Amino acid sequence: MAAAPNSSAADFADSQVAFLYASQTGNAESISYSMYEEAAKRGFNAKWHVLDDHEKFGFNEVRTAVFVVSTTGDGDPPDNSARFWRVLRKATRGKDRAYSHLRYAILGLGDTNYSNFCNTAQRLDKQLLEAGATAFYPKGLADDGTGLEEVVESWIEGLWPALARVAQCAPSLAAETEAVASSEIEAEADAVSTGLKGLALNSSTGTSNTSAHQPLVLNFQVMESLKAISGAPRVPSAVCKIAPVDSSSESSASLAEGLACPPWHASLTGEDWDDVSLAPFLATLQSTAQLTSPEALKRTLLVEISLSAADHVHGSWQAGDSFNIYAPNDEGLVAGLLERLAVSPDEARRPVSLRKRDAAIELPTHLARFATAPASLFDILQWACDVCTAPRKQTLRALADHCSEVTDRDRLLFLSSRQGAAVFDELRCQAPTTLDLLHTFPSCLPPVERLLELLPPLAPRSYSICNAPNTASDTWRFAFNVVEYCITVEGSDVSTLPLRRRGVCTPWLERLPRGQRILVAKRRNVNEFRMPTGLDARPVIMVGPGTGVAPFIGFLEQRAQDLVAAGAQPQEAPLMWLFFGCRSRLHDYLFRSQLEQWQSEGVLTRLSTCFSRDGLDGPKYVQHTMAQHEDELMSLLLTKSALLYVCGDAKGMGRDVNDALADMLCRYSVKHPECFDVLADADPKQLSKVQALQLLMRWSTERRYLRDLWA
Ligand code: NAP
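The numbering used here applies: residue 485 is where the sequence shown begins, and numbers increase by one.
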């Protein structure tokens, strides 16, 4: 953005606003991007960066910052902010108010179904305040459990006047932008109030010649009595255009035989990595085996990949680590989408370059590389854009402008409005792909470059490594459920089939032939979810139902190797106790023979299992089995400083196990008050639930209670 003609250089520096994000799945990134783009249009000197680039963009000099940060796992910050946190922690510890020059606003994204709601935003706020920074606008916390939009849209609306009080914007441009914006909004309101004509019940009118989509079932009856709508988000500006590629320019080479990775993988692997062990690399698919029986409710696969060509990861990983896989969107889905957008197969495969429409506004990160490295529209849609995530309201609002039929336009406007919230929820619950959406509004035909910029980035998928480093072979094994499920829409007529949904990565991995090379990258193990190496004297308690057992298979493999290396007998090593749960002993008892063998050899000291759907008496879930062994468990934790590891689903299991542990501590405190410092002078000598939860939190900070929880 050019500086205002009369503003001095110093004014200009002062007026710079940094839009900063930390994003795991791309949501925070795309929300931050649309704010940045709007700020630039409004005349602010706006910059946009991922938090981990703090050194590159000079975070220490930033005076006004707007953060959009999400929370993942068990209240953890996204991977692309790990370096930033280290720097911030140092600044906070320094107690010298290192950021007293910084004014900031924070929008946090989280989900109240998980514990530690919006923990990243809360922590960031606390640490910035401790480092002397000042909040210029109250923090917003958006809940994905009920829909992010409600908080996000109104928070953004209130941001602009607050921002205008702390940062200058170019006056002429600002006035112009306001004028454009208000005339657009008035025109929109007119169109909506005259266009709403009382619409039919079901929007599943899409006709398609591809089989890769399914119609959505949405009830627009409520529109019949509506005179006007309000609260529709602003239409994001178009920022990207397709530029012809001259024959001499370099394009992403098509993939060689045996490569199943983004065609631009060489540029990803060649990037400058702060920690080189985190750089992506090509690994070879060695084998795929099914761990569950055909009758199992979920299909679990075990995949092994060879790391033989990846020198930079040798010696840099441990059991308990996890890694990312760069997976593509389904080919049929992408072909269907391009066909629906009227892009011919020839056009779709021809390299194009993506350019900025406005030199001052950066392209979204996932498209920026195509400004200098042309790629085909097919490849861009297949590898760079998320076409499987339910759309944001802003996307629906933008798509409304590309409908030739007033019915489609009105319905999309309605979906993006305050009055359409309930139908928007119906849409989200059906987890539509972009293709489903376009077929539901048949006259909607956005230019392909418009759709590319509206779609969020396609994030890599993460898996736990379930083996330990081994000098004899250099491989990673991982286990996952193939994500395929059906959604039955309540209230839909009987002829409506359940909607079939598939994950991006797991069905692809399942189909991938042996020998294919895929792009992977080790993840930073922020929670240090690792077993102490060697025969450390502390007992290890592991809780891992379902595929949550994966890292513990690595732990046990590590223990078996450590015993051999030390020439020790299992009974000389500290206890390892695993709590495992699944649905059926016969059908989804993962790694059963391996676990039983380790148990018979004494590597695994104790194995406690439960089966939730076998219909037997006895414990159903892992926390119930733990409660059966309450005294032994509590004694190990309180008198032997045992390490407690929990891995698996964050939403149900992680939260419930934590709660059950707190209850166990309370009960145990009655029998053994001497084990609890806080009870020394207490009367009665019994831990309260709050004290028990605080103790668990303390253990978590001391890394005695480690949780690797997955959304
Ligand atoms: P799951 O859905 O967690 O089910 C495993 C067992 O846990 C079932 O018997 C289930 O019983 C039970 N369960 C359900 N609700 C529970 C609760 N509130 N408390 C305790 N147990 C409960 O297993 P999964 O399908 O394999 O999923 C595991 C989770 O771990 C996923 O979130 C996955 O993302 C994550 N994870 C994955 C990896 C990986 O690398 N792929 C690694 C670590 C963790 P019912 O179904 O009968 O109720």
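For glycine and all other residues, C-beta sits at the position ideal for the given N, C-alpha and C. If you're wondering where the values come from, they're calculated on a predicted model, not measured in any experiment.
Closest by CA to Arg1007, which one among Phe765, Asp870, Arg581 and Leu535? As a first step, residue 1007 is located in the sequence shown; it is residue number 523 there, counting from the start. When each option's Cα is compared against that of Arg1007, the closest is Phe765.
Could you pull out every unbroken beta strand (DSSP E) segment of at least 3 residues lying fully inside the stretch 902 to 983, listed in chain order? 945 to 948, 959 to 965 and 968 to 971
Does the Cβ-Cβ distance between Asn511 and Pro940 come in under 8 angstroms? The residue labelled residue 511 in the question sits at position 27 within the sequence shown. The residue labelled residue 940 in the question sits at position 456 within the sequence shown. The answer is yes: Cβ separation under 8 angstroms.
Whole angstroms is fine: what's the gap from Arg934's alpha carbon to Glu521's? As a working mapping, residue 934 is identified with position 450 in the sequence shown. As a working mapping, residue 521 is identified with position 37 in the sequence shown. The straight-line gap from Cα to Cα measures roughly 14 angstroms.
DSSP beta-bridge partners of Ile1002: Against the sequence shown, residue 1002 aligns to sequence position 518. DSSP lists Ala744 and Ala767 as partners of Ile1002.
Does the structure place the stretch 706 to 715 close enough to the stretch 798 to 817 that three or more beta carbon pairs sit under 8 angstroms? no
Give me the Cα-Cα distance between Val1027 and Ile971, rounded to the nearest whole angstrom. Along the sequence shown, one-based indexing puts residue 1027 at 543. Along the sequence shown, one-based indexing puts residue 971 at 487. Roughly 30 angstroms separates the two Cα atoms.
According to the Cβ coordinates, are Gly631 and Gly999 closer than 8 angstroms? Reading the sequence shown from its first residue, position 147 is the one you call residue 631. Reading the sequence shown from its first residue, position 515 is the one you call residue 999. No. Outside cutoff.
Assigned secondary structure, Trp1194 (DSSP; H/G/I helix, E/B strand, else coil): As a first step, residue 1194 is located in the sequence shown; it is residue number 710 there, counting from the start. The answer is strand: DSSP assigns Trp1194 an E or B state.
Using the rule of at least 16 other Cβ atoms within 10 Å of the residue's Cβ for burial, across every protein chain shown, is Met1118 buried or exposed? Start at 1 with the first residue of the sequence shown, and residue 1118 comes out as number 634. Buried: at least 16 other Cβ atoms inside 10 Å.
Just reading off the beta strand (DSSP E) that His1274 is part of, what are its end residues? No statement about residue 1274 is possible, as the shown extent of the chain runs from 485 to 1195 and does not include it.
Once you ignore the five residues that flank Lys1104 on each side, which residues in its own chain have a CB closer than 7 angstroms to its CB? Counting from 1 along the sequence shown, the entry for residue 1104 is found at position 620. These residues qualify, in order along the chain: Cys1094 and Ser1096.
Kindly examine the ligand NAP and report whether one of its heavy atoms sits closer than 7 angstroms to the Cβ of Phe962. Here residue 962 refers to the residue found at position 478 when the sequence shown is read from its first residue. Flag set: Cβ of Phe962 near the ligand NAP.
DSSP state of Arg1097, grouped into three classes? Indexing the sequence shown from 1 puts residue 1097 at position 613. It is coil, neither helix nor strand.
Can you look up His798 in the DSSP assignment and give me helix, strand or coil? Within the sequence shown, the letter at position 314 stands for residue 798. DSSP places His798 in coil when its eight states are reduced to three.
What are the partner residues of His533, as DSSP defines its beta bridges? As a working note, residue 533 is residue 49 in the sequence shown. For His533, which the question treats as bridged, DSSP gives the partners Leu504.
CA nearest to the CA of Asp536, picked from Tyr505, Leu1074, Pro997 and Thr1123: Position 52 of the sequence shown holds residue 536. That would be Tyr505, whose Cα lies nearest to the Cα of Asp536.
So is the beta-carbon of Pro1029 under 7 angstroms away from any non-hydrogen atom of the ligand NAP? By one-based count along the sequence shown, residue 1029 stands at place 545. Yes, the beta carbon of Pro1029 sits closer than 7 angstroms to at least one heavy atom of the ligand NAP.
Go through its chain and collect everything with a Cβ distance to Arg581's Cβ below 7 angstroms, but skip five positions before and after it. Translated into positions along the sequence shown, residue 581 becomes position 97. Excluding positions up to five away in sequence, the list reads Ala615 and Gly616.
Taking 7 angstroms as the cut-off, is the CB of Asp1140 close to at least one heavy atom of the ligand NAP? For the purposes of this step, residue 1140 is identified with residue 656 of the sequence shown, where counting begins at 1. Asp1140 Cβ: within cutoff of the ligand NAP.
Pair every Cβ in the stretch 745 to 761 with every Cβ in the stretch 906 to 925, then say whether three or more of these pairs are closer than 8 angstroms. no
Nearest-angstrom beta carbon gap, Asn1011 and Asp452 [assumed within contact, 8 angstroms]: With the chain covering only 485 through 1195, there is no way to say anything about residue 452.
Does the beta-carbon of Tyr1189, which I'm using as the reference point, lie nearer than 7 angstroms to any heavy atom of the ligand NAP? Sequence index remark: in the sequence shown, residue 1189 carries index 705 (1-based). The answer is no for Tyr1189.
Between Gly557 and Val890, what straight-line distance do the alpha-carbon atoms span, to the nearest angstrom? By one-based count along the sequence shown, residue 557 stands at place 73. By one-based count along the sequence shown, residue 890 stands at place 406. Answer to the nearest angstrom: the Cα atoms are 43 angstroms apart.
So the candidates are Leu1047, Ala857 and Glu910; which of them puts its Cα closest to the Cα of Pro747? Here residue 747 is taken as the residue at index 263 of the sequence shown, counted from 1. Selected option, being the one with the closest Cα: Ala857.
Minimum length 3: unbroken beta strand (DSSP E) runs contained in the stretch 820 to 849: 835 to 840
When the Cβ atoms of the stretch 823 to 835 are set against those of the stretch 1023 to 1043, are three or more pairs found closer than 8 angstroms? no
Taking 7 angstroms as the cut-off, is the C-beta of Met1137 nearer than that to any heavy atom in the ligand NAP? Here residue 1137 refers to the residue found at position 653 of the sequence shown. It does: the Cβ of Met1137 is within 7 angstroms (strictly closer) of some heavy atom of the ligand NAP.
Return the CA-CA distance between Ser888 and Asp894, expressed in angstroms with no decimal places. In the sequence shown, counting from the first residue as 1, residue 888 sits at position 404. In the sequence shown, counting from the first residue as 1, residue 894 sits at position 410. Rounded to whole angstroms, Ser888 to Asp894 spans 11 angstroms at the Cα level.
Taking the continuous alpha helix (DSSP H) assigned at Leu1128, which residues delimit it? Along the sequence shown, read from residue 1 onward, the residue named residue 1128 stands at position 644. That residue, Leu1128, is in no alpha helix (DSSP H); its beta strand (DSSP E) goes Leu1127 to Asp1133.
What I want to know is whether the C-beta of Val1106 ends up closer than 7 angstroms to one or more non-hydrogen atoms of the ligand NAD. The ligand NAD is not part of this structure, which contains only the ligand NAP.
Measuring CA to CA, which of Arg526, Lys1169, Leu572 and Gly715 is closest to Gln652? Position 168 of the sequence shown, counting from 1, holds the residue named residue 652. If we check each option's Cα against that of Gln652, Arg526 comes out closest.
If you draw a straight line from the C-alpha of Asp627 to the C-alpha of Glu633, how long is it? One-based indexing of the sequence shown puts residue 627 at position 143. One-based indexing of the sequence shown puts residue 633 at position 149. So the two alpha carbons sit approximately 8 angstroms from each other.
Look up Phe1039 in the DSSP assignment and say whether it is helix, strand or coil. Translated into the one-based positions of the sequence shown, residue 1039 becomes position 555. Of the three classes helix, strand and coil, the one that applies to Phe1039 here is helix, per DSSP.
Using only alpha-carbon positions, find the residue among Asp909, Val1141 and Leu791 that is nearest to Leu700. As a position in the sequence shown, residue 700 is number 216, starting the count at 1. The residue with the shortest Cα to Cα distance from Leu700 is Asp909.
So, is Val797 buried or exposed, given that buried needs 16 or more other C-beta atoms within 10 angstroms? Here residue 797 is taken as the residue at index 313 of the sequence shown, counted from 1. With 16 or more other CB atoms across the displayed protein chains lying within 10 angstroms of its CB, Val797 is buried.
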